[in-house]
Amino acid sequence: MTKVPTTRIDRLLGSLGYGSRGQIAQIARARRIVLDGVPITDVARRIPMTPDLTERMTVHGAPLDPLPGVVVMLNKPPGYICSRKDSGPLVYDLLPDRWRHRKPMLSPVGRLDKETSGLLLLTDDGALLHRITSPNHAVEKTYRASLARPLEGHEVEVFASGALVLSGEKKPLHPAKLNVLSATEARLSITEGRYHQVRRMFAAVGNHVEALHREALGQLRLPDDLGEGAWVLLTEAEIASVFAK
Ligand code: URA
821 MTKVPTTRID
831 RLLGSLGYGS
841 RGQIAQIARA
851 RRIVLDGVPI
861 TDVARRIPMT
871 PDLTERMTVH
881 GAPLDPLPGV
891 VVMLNKPPGY
901 ICSRKDSGPL
911 VYDLLPDRWR
921 HRKPMLSPVG
931 RLDKETSGLL
941 LLTDDGALLH
951 RITSPNHAVE
961 KTYRASLARP
971 LEGHEVEVFA
981 SGALVLSGEK
991 KPLHPAKLNV
1001 LSATEARLSI
1011 TEGRYHQVRR
1021 MFAAVGNHVE
1031 ALHREALGQL
1041 RLPDDLGEGA
1051 WVLLTEAEIA
1061 SVFAK
């Protein structure tokens, strides 16, 4: 049987961003940390780190924040930056404020440009982040692009060729799938994550992307009912669907 790791309550709450050790002791003194219906008095107590803690513990009357190992799917609105420190709206502004103080911090799983919208994952699981972004796994990223000029007809073949070289680069792109939806709308699936890749691919065929929206990562699709700026926690099965072909 695998042993469940234990943690001090004040250390756990500190890592989830609830405050310093002193502040957490103060919250406990106010009887605002409750486990299984009983206020905690000794915050140095060690407890098993089981996933059901988020149902068994409340802090300030609200369920405990998700334990480390979080994967968030955010519907990123245009205009938000995938960075921790920048001027202007950040994707972190769309998550609970306390999460800025989590250790480890949530990081975007591959960046979307400021003006790109749609499916963005954030996680505190470094190994998972690496697996999703690693070229070895070739996770397919699907985008819907609105274009400034009508498609000319050769783009499907050019993108699928595996021979397209982006401006300033030497290595050709891996084949990519282009689905034409209308004269100026297309769905593009790529397995790499080069800088501004989709915008540069359309620029390479003489077009210009006016709006870009990520719809899917592997078999994980952005749900229609997840509004702009809204987010959900992913289940294990949803995380696995990122790697499904
Ligand atoms: N390609 C781009 O050009 N921009 C993105 O945000 C993602 C892929």
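Residue numbers for the sequence shown follow our numbering, so the first one is 821 and each next one is one higher. Glycine included, each C-beta is placed from N, C-alpha and C at the ideal position. Computed from a predicted model, the values in this text were never measured in an experiment.
Simplified DSSP state of residue i, which is helix, strand or coil
i, result
"residue 826", "strand"
"residue 908", "coil"
"residue 955", "helix"
"residue 840", "coil"
"residue 860", "coil"
"residue 938", "strand"
"residue 985", "coil"
Nearest-angstrom beta carbon gap, residue j and residue i [assumed within contact, 8 Å]
i, j, result
"residue 1014", "residue 936", "That belief does not hold up - the Cβ atoms of residue 1014 and residue 936 are roughly 14 Å apart, past 8 Å."
"residue 879", "residue 896", "So it is not a contact: roughly 28 Å between Cβ atoms."
"residue 902", "residue 939", "That belief does not hold up - the Cβ atoms of residue 902 and residue 939 are roughly 12 Å apart, past 8 Å."
"residue 1051", "residue 891", "Not really, about 11 Å apart at Cβ, beyond 8 Å."
Classification of residue i by the beta-carbon crowding that lies within 10 angstroms, buried from 16 upward
i, result
"residue 917", "exposed"
"residue 1018", "buried"
"residue 833", "buried"
"residue 1027", "buried"
Contacts around residue i, its chain only, beta-carbon distance under 6 Å, and the 5 residues preceding and following it disregarded
i, result
"residue 953", "930"
"residue 869", "825, 827"
"residue 979", "996, 998"
Own chain partners of residue i with C-beta closer than 8 Å, once the 5 adjacent residues on each side are dropped
i, result
"residue 913", "900"
Own chain, CB closer than 7 Å to residue i, minus 5 neighbours either side, in chain order
i, result
"residue 861", "848"
"residue 1020", "986, 987"
Q) Is the number of C-beta pairs between the region 880-891 and the region 1023-1040 that are closer than 8 Å three or more? A) no
**Q.** Stretch-stretch touch, CB-based, cutoff 8 Å, three pairs: the region 1044-1052 with the region 977-990
**A.** no
Q.
Whether or not the region 965-984 and the region 921-928 are in contact is what I'm after, with contact meaning three or more pairs of Cβ atoms, one per stretch, closer than 8 Å; do they touch?
A. no
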